[in-house]
Each structure stands twice: as structure tokens, then as C-alpha cells.
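Residue numbers (the numbering used here), protein chains in the order written: chain A, 3 to 116; chain B, 17 to 510.
Every residue gets a Cβ at the ideal spot worked out from N, C-alpha and C, and that includes glycine.
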Amino acid sequence: MKIERVDQKVWFKDGAEIWSYDLADLSAEGQRRKKSQSSTPDLILAQMPGKITKVFVKEGDSVVQGQPLLVMEAMKMEYTLKSDLNTTVEKVHVTLGQQMTVGASLIQLKKVEA
Amino acid sequence: MKIKKVAIANRGEVAVRIIKACEELGLQTVLLHSEADRQSRAFRMADQTICIGPSPTNESYLNIQANIQGAIAAGADAVHPGFGFLSENADFAAECEKSGLTFIGPSADSIRRLGDKISFKKMAMAAGLPLIPGYEGDDQSIERLLSEVEKIGLPVIVKAAAGGGGRGMKLIRQHSEAKELIESAQREALSAFGSEKVFLEKYLEKAKHIEFQIFGDSTGKIVHLFDRECSVQRRHQKIIEEATSPSLTDDLRRKMGEVAVTIASLANYKSAGTVEFLLQDGHFYLLEVNTRLQVEHPVTEEVLGVDLVKMQILTAMNQFVFDAKDIRIPKGHSIECRVYAENPYMNGIPSTGLLGSVHWPEGPRRRFEFGFEKGDTITSFYDPMIAKVIVWDESRPRAIEKMIRVLKDSTVFGVHTNIPYLIAILSHDEFIQGTMTTRFIEKYFSEGLKSNHNEDERKKKSIQAYKDYLKQQNPVANTGTTVNSPWMSFWRGV
């Protein structure tokens with residue numbers, strides 16, 4: 003197995019497979035830490051670094067499942083983020099042209115009871 | 017035309033490719049780069065480097081005057097534009113010539129006539145060459161575009177008029193999404209090419225993407241250098257290319273090659289170019305002409321034993337001439353895989369960051385074209401392609417087998433890559449049969465890959481491996497034991 007620390011991550015290669023963990027996840031503390039909170043469908047997060055190139059909704063708008071909420075651009079490609087819920091927009095955290103980092107909150111939708 | 021120093025108006029692996037060709041021809045090189053690309057292989061290889069602007073492409077790589085001033089300041093007498101960026105910009109070619117710089121590529125006039133897809137279509141239509149039904153009118157109002165979509169009939173594809181390489185292209189499958197997709201294509205077109213003009217075209221559902229390499233030598237003679245197949249595309253971005261196509265009969269190959277040479281001849285084409293076709297049910301349609309070197313040019317080089325970049329440079333020096341007796345016949349099979357910095361297990365989202373170890377497994381007829389090495393940073397300013405892996409073997413099945421082996425043995429640490437995705441594609445029945453169409457990815461790989469590893473087991477293994485790694489990094493501090501290595505005592509005694 004090949005292993006190497008690069009910045010704050012540790013990379014592994016075993017056979018053809020390559021994967022990485024955050025350094026913190028491999029420490030004793032990281033192992034105890036509860037599994038990273040899975041994303042909830044009412045909070046739209048940036049899955050990549052990029053620029054907001056279009057926002058289709060404003061606070062109070064009702065949205066349906068599959069409806070586009072905003073468009074991000076990174077590496078010259080556009081990614082449209084869509085709603086997974088039938089609900090209303092609670093809060094828009096972004097403005098047009100804003101540069102986002104990974105994990106940043108973009109849009110909060112109103113929670114829907116399961 | 018005498019050329020002593022070539023300015024490279026590009027970045028990444030293609031800049032490296034051009035530098036190597038120049039070195040072999042005994043020419044000096046100057047790399048015209050942005051602020052973000054000081055840490056790159058091309059920067060380290062070029063004889064001279066000039067920073068022409070900040071990281072955003074429109075302030076550096078797309079800035080015509082910055083490139084020309086950089087080339088002149090460095091004392092270059094020619095410019096190679098590579099692909100992407102300004103490579104298909106007729107104004108850039110014209111400005112170069114006006115400034116006394118030889119543009120290594122076709123004339124500004126050829127680029128204009130073939131590169132603008134609307135004028136290209138008019139020319140092809142007049143010559144009776146086969147085209148796909150569509151709309152390329154000047155009325156670009158959303159109302160008109162929507163009504164043309166209705167007329168052509170779904171599915172319809174929207175493309176940037178000045179585009180190429182998949183930028184600003186969208187596929188409309190339902191009328192309800194037509195407006196959003198057209199507007200999105202216009203925005204991408206504007207940001208990538210500076211013009212939001214788009215055109216519409218009927219989308220062929222089960223077509224293959226076949227293209228012909230063309231070349232015009234310094235005497236004006238135009239030939240084709242056979243075909244490539246690039247049906248494996250995602251969002252109209254090519255992923256795997258091969259030469260020659262497994263889908264062409266001799267008869268089709270001859271007919272399509274003739275059409276390719278005809279359209280190039282109509283524009284008095286000089287240097288390397290590519291004529292793209294769609295092939296469905298034995299009928300072929302002209303798609304577009306790319307008036308530049310193509311990303312996938314190496315597969316043609318591998319099956320023919322030519323060097324297209326050197327041919328381009330020699331042509332610009334009025335030196336390269338095809339020998340009429342020299343009939344080249346493609347030999348064996350070559351495949352290229354584009355390595356993208358993206359996470360295949362998260363539906364291909366871009367992956368950026370500092371590169372750790374990068375290892376490409378050398379071997380006979382394996383070729384690695386890469387622009388970044390350990391210590392370089394992959395940023396989100398540019399295209400996610402970080403390398404190309406090219407193999408050649410005696411037959412297509414062997415080339416596929418070889419490519420899978422090579423990819424499995426390759427290592428890229430620091431950013432995620434699409435290598436597992438490439439392996440999955442190469443192992444798919446339809447790819448192996450050679451029957452894949454341009455919808456291949458959409459049909460089988462639209463969701464990216466599902467990881468099927470056991471997360472708990474992997475994590476346990478990783479934690480142990482990391483502990484061992486830390487021990488190796490610093491054995492004395494971690495173990496507290498005395499080291500009795502003869503080397504250690506030897507050095508201590510020095």
C-alpha cells in the first residue's frame with residue numbers, strides 16, 4: 003500500500019484504488035468524532051469551490067422537487083443545484099458573482115416533515 | 017519564414033507538448049502564462065517565461081493584446097496557440113501576423129470561414145455536403161429560439177456559435193426546460209468565448225462521433241490523416257478517444273475522408289485541423305471543423321507514426337511538404353484517456369488542491385502527456401484536465417487491456433481523478449464491442465460511480481497504515497529504541 007500526507011489530507015493507494023482521509027479523521031480524536039453530519043435536503047451546500055452565476059429563487063418563493071435553485075461555475079463548467087423538496091425558500095445566503103468555498107451554505111429551504 | 021523563438025500562448029500539458037516539439041527542432045521557447053501557472057511543468061521547461069496577467073482567463077490567456085505584447089517583448093517570431101483559449105480566434109491570428117509574428121496554424125481567413133459555425137454551414141451547404149437539420153439565424157431572441165426548437169423537433173442541442181470543446185452546449189429533451197437551457201448556454205458562451213450567440217441543431221439519438229484529422233502543407237496540398245472516434249463524451253466533453261474508429265467500413269472511411277478534404281480545400285486550409293462528423297445508421301453528417309490542433313491528436317500520431325506539432329511548426333516555416341508517394345496506412349490501435357481532476361464518486365465534481373506524488377507507469381508504447389507534477393497546485397480557474405494517457409497496441413482489444421493496466425498502475429495523490437471512472441468505461445461491454453454512441457455516458461454512467469468498499473474496514477486499515485507511515489517517517493522518536501544500523505554508526509564517526 004502506498005501512503006502519503008499531502009497538506010491536511012492523507013492519501014492511500016492499494017491495488018488500483020486510491021482514497022484519502024482528512025488528517026483529523028485518522029487521529030484518535032477524529033475516530034471518536036461522530037460521523038460527519040450527513041447533508042440534510044433542506045440545506046443546500048456548495049459541493050465544490052466556485053462562483054455563483056445565477057440565482058433563480060428569492061426568500062419566500064415556493065419551490066417544487068427538481069426545480070433549479072441556483073447555478074455555480076467552476077473550471078468553466080456550470081452546475082445547476084436543484085431542490086429535493088416541495089417547500090418554500092427560507093433564506094438565500096449568496097449573492098450573484100460570489101465566490102464560494104466547499105461546504106458553504108447557499109440556500110436554506112423550509113424543513114418538510116417526513 | 018524563419019523561426020527561432022516560439023511563444024506558447026497556452027498552459028498545462030499542451031504547452032509541454034509544444035515545448036518538446038520546439039526543443040527537438042532546435043527552437044527557443046517562451047511561455048506566456050498567468051499568475052496561477054508559475055508552479056507548472058511548462059513553466060519549468062520553457063527557455064523563458066513571461067507573465068501576461070492574473071489568473072482569470074479573460075485577463076490572461078484570452079487577452080489578445082497581452083499575449084502579443086508578451087511574445088514581442090520576449091523577442092519571439094512565432095506564436096503557437098495550442099488548443100482552447102485563443103487557438104480558434106481569427107482576430108488573434110490576424111493580430112499576430114499584423115505584429116510580425118507567425119501564427120502557427122491556419123490563416124485568419126480560414127479560421128473565420130470554418131470556425132464560425134454559421135458561415136461554415138453555409139459553405140458546406142453550397143458545396144452539397146451533408147449537414148444536420150437546425151437553426152443558425154441572426155434572430156437570437158429567446159422567443160424565436162424557442163419556436164425554432166419546436167420546428168426542429170426534440171431532442172435539440174444548443175451550441176455556442178463561436179464554441180468548441182463542449183463549452184456552452186446544452187441538450188433540450190423537454191419543452192419545459194428549453195428556456196432555462198438556452199439561457200444557460202448563452203451565459204456559458206458569453207463567459208467562454210465573449211459572444212452569446214447560439215445555434216440549434218437536431219440531436220441524433222444514437223450517433224457516433226467520428227472525426228478526420230486534416231492537414232494542409234506549405235504548398236497548399238491538403239490531405240486527411242484518417243479518423244478518430246470520440247463517442248465517449250460527457251456533457252459533450254470528450255473523455256476517451258481512439259484511432260482508428262472501430263465503426264467505419266472502408267467505403268465510409270473513403271467517403272468521409274473525401275468530404276473532410278473537400279471542406280478544408282474550400283477554405284484553403286493550412287496546418288492541422290479536424291473535421292467532425294456524426295454517424296448514425298450508415299449516414300454521416302458534418303458537424304464542425306476545429307481549426308487547430310486537437311486534444312486527442314496523439315492517437316493519430318501513434319497509429320501513423322507522425323508528429324503533428326512538428327508538422328505544424330515546419331509548415332509555418334514553409335518547410336513541410338507531403339510526399340505524394342508516401343501513402344500512410346494506420347497501424348494497430350491507439351487509445352487516449354483524459355485524466356480530469358474530479359471526484360468520480362461524487363458525480364464528477366471538480367477536485368482542486370496541492371498535488372502529492374504523481375506516478376505514470378512508463379513502458380513500451382505508453383505515452384503520458386501531463387502539465388503538473390508533485391508540488392504544483394490544481395486551481396479552479398481552468399479546465400480540469402490534468403493529463404492524458406495514450407497507449408498503442410497491435411489490436412483494439414489489446415490496447416484496451418493495456419490502457420486498463422496502465423491506469424491501474426498510475427498514482428495521483430492530492431486531488432481526486434476520474435481514473436476509476438475511465439477504468440469502468442473501458443471495461444463496459446458496449447465499449448469493448450465498439451458499438452458505443454455519444455449517449456453512452458448518459459445511458460450507463462450519468463450518476464458517476466458508486467463506491468462499493470466497506471468504509472469501516474477501509475478506515476481501520478487506513479488508520480493502521482498511517483501509524484506505520486508516521487513511524488517510518490521518524491523511527492527514532494516514535495519507537496524510542498536504539499538504531500544499530502552500520503550506516504548510522506558510520507556517519508556518526510565521520
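Minimum Cβ-Cβ distance from residue i to chain B less than 8 Å
i, result
"I54(A)", "no"
"D9(A)", "yes"
"P51(A)", "yes"
"L108(A)", "no"
"K76(A)", "Checking the sequence, you will find Ala at residue 76(A) rather than Lys. It does; some Cβ of chain B falls within 8 Å."
"V73(A)", "yes"
"I46(A)", "no"
"L28(A)", "yes"
"K60(A)", "no"
"V96(A)", "no"
"D43(A)", "Note on identity: in this sequence residue 43(A) is Pro, with Asp being the wrong assignment. So no, P43(A) is outside the interface."
Residue i, DSSP secondary structure in three states
i, result
"E385(B)", "strand"
"S200(B)", "helix"
"L45(A)", "strand"
"M50(A)", "coil"
"E39(B)", "helix"
"H96(B)", "strand"
"N434(B)", "coil"
"D409(B)", "strand"
"K476(B)", "helix"
"F58(A)", "coil"
"I5(A)", "strand"
"R485(B)", "Looking at the sequence itself, residue 485(B) is Tyr, so the reference to Arg does not match. In this structure, Y485(B) counts as helix in the three-state DSSP scheme."
"A259(B)", "strand"
"A52(B)", "helix"
"V30(B)", "helix"
"F511(B)", "Outside the shown range of chain B, which is 17 to 510, sits residue 511(B), and nothing can be said about it."
"I439(B)", "helix"
"D125(B)", "helix"
"V165(B)", "helix"
"V66(A)", "coil"
"E212(B)", "coil"
"L220(B)", "coil"
"R226(B)", "Checking the sequence, you will find Ile at residue 226(B) rather than Arg. In the structure shown, I226(B) sits in a strand (DSSP, three-state: E or B)."
"K254(B)", "strand"
"T265(B)", "coil"
Below-8 Å beta-carbon distance, residue i vs any chain A residue
i, result
"I479(B)", "yes"
"E196(B)", "yes"
"M362(B)", "yes"
"D472(B)", "no"
"P72(B)", "no"
"R27(B)", "no"
"R183(B)", "yes"
"S56(B)", "no"
"E204(B)", "yes"
"D266(B)", "no"
"D53(B)", "no"
"D370(B)", "Checking the sequence, you will find Leu at residue 370(B) rather than Asp. Yes, its Cβ sits closer than 8 Å to a Cβ of chain A."
"D399(B)", "yes"
"V30(B)", "no"
"I560(B)", "The requested residue 560(B) is not part of the displayed model; chain B covers only 17 to 510."
"T427(B)", "yes"
"K424(B)", "yes"
Limits of the alpha helix (DSSP H) - the one that residue i falls within
i, result
"M79(A)", "No alpha helix (DSSP H) contains M79(A), which is instead part of the beta strand (DSSP E) from 79-84."
"A142(B)", "133-142"
"F108(B)", "106-114"
"G86(B)", "80-89"
Residue span of the beta strand (DSSP E) that contains residue i, given as start and end
i, result
"M452(B)", "First-last for M452(B): undefined, no H or E at that position."
"E152(B)", "Run containing E152(B): none; DSSP gives neither H nor E here."
"E245(B)", "238-250"
Contact test: residue i Cβ vs the ligand MG heavy atom, cutoff 7 Å
i, result
"E92(A)", "Ligands in the displayed structure: none, and consequently the ligand MG is not present."
CB contact below 8 Å: residue i versus chain E
i, result
"K15(A)", "The structure shown has no chain E; the protein chains it does contain are A and B."
Run through the stretch 333-406 of chain B for me and flag every whole beta strand (DSSP E) of 3 or more residues, listed as ranges in chain order.
349-356, 382-386
*So does the stretch 189-198 of chain B actually touch the stretch 252-272 of chain B, counting three or more Cβ pairs closer than 8 Å?*
no
Three-pair Cβ contact test at 8 Å for the stretch 310-322 of chain B versus the stretch 133-147 of chain B:
no
Which full runs of the alpha helix (DSSP H) of 4+ residues lie inside the stretch 271-327 of chain B, going along the chain?
313-320
* Asked: Would you call the stretch 279-296 of chain B and the stretch 375-389 of chain B in contact, with 3 or more CB pairs under 8 Å?
  -> no
Cβ contact check for the stretch 361-381 of chain B and the stretch 456-468 of chain B: 3 or more pairs under 8 Å = yes
Item to check | the stretch 468-485 of chain B touching the stretch 4-23 of chain A, judged by at least three CB pairs closer than 8 Å | outcome: yes
Taking 8 Å as the cut-off, does the stretch 75-92 of chain A touch the stretch 38-46 of chain B (at least 3 CB pairs, one atom from each stretch)?
no
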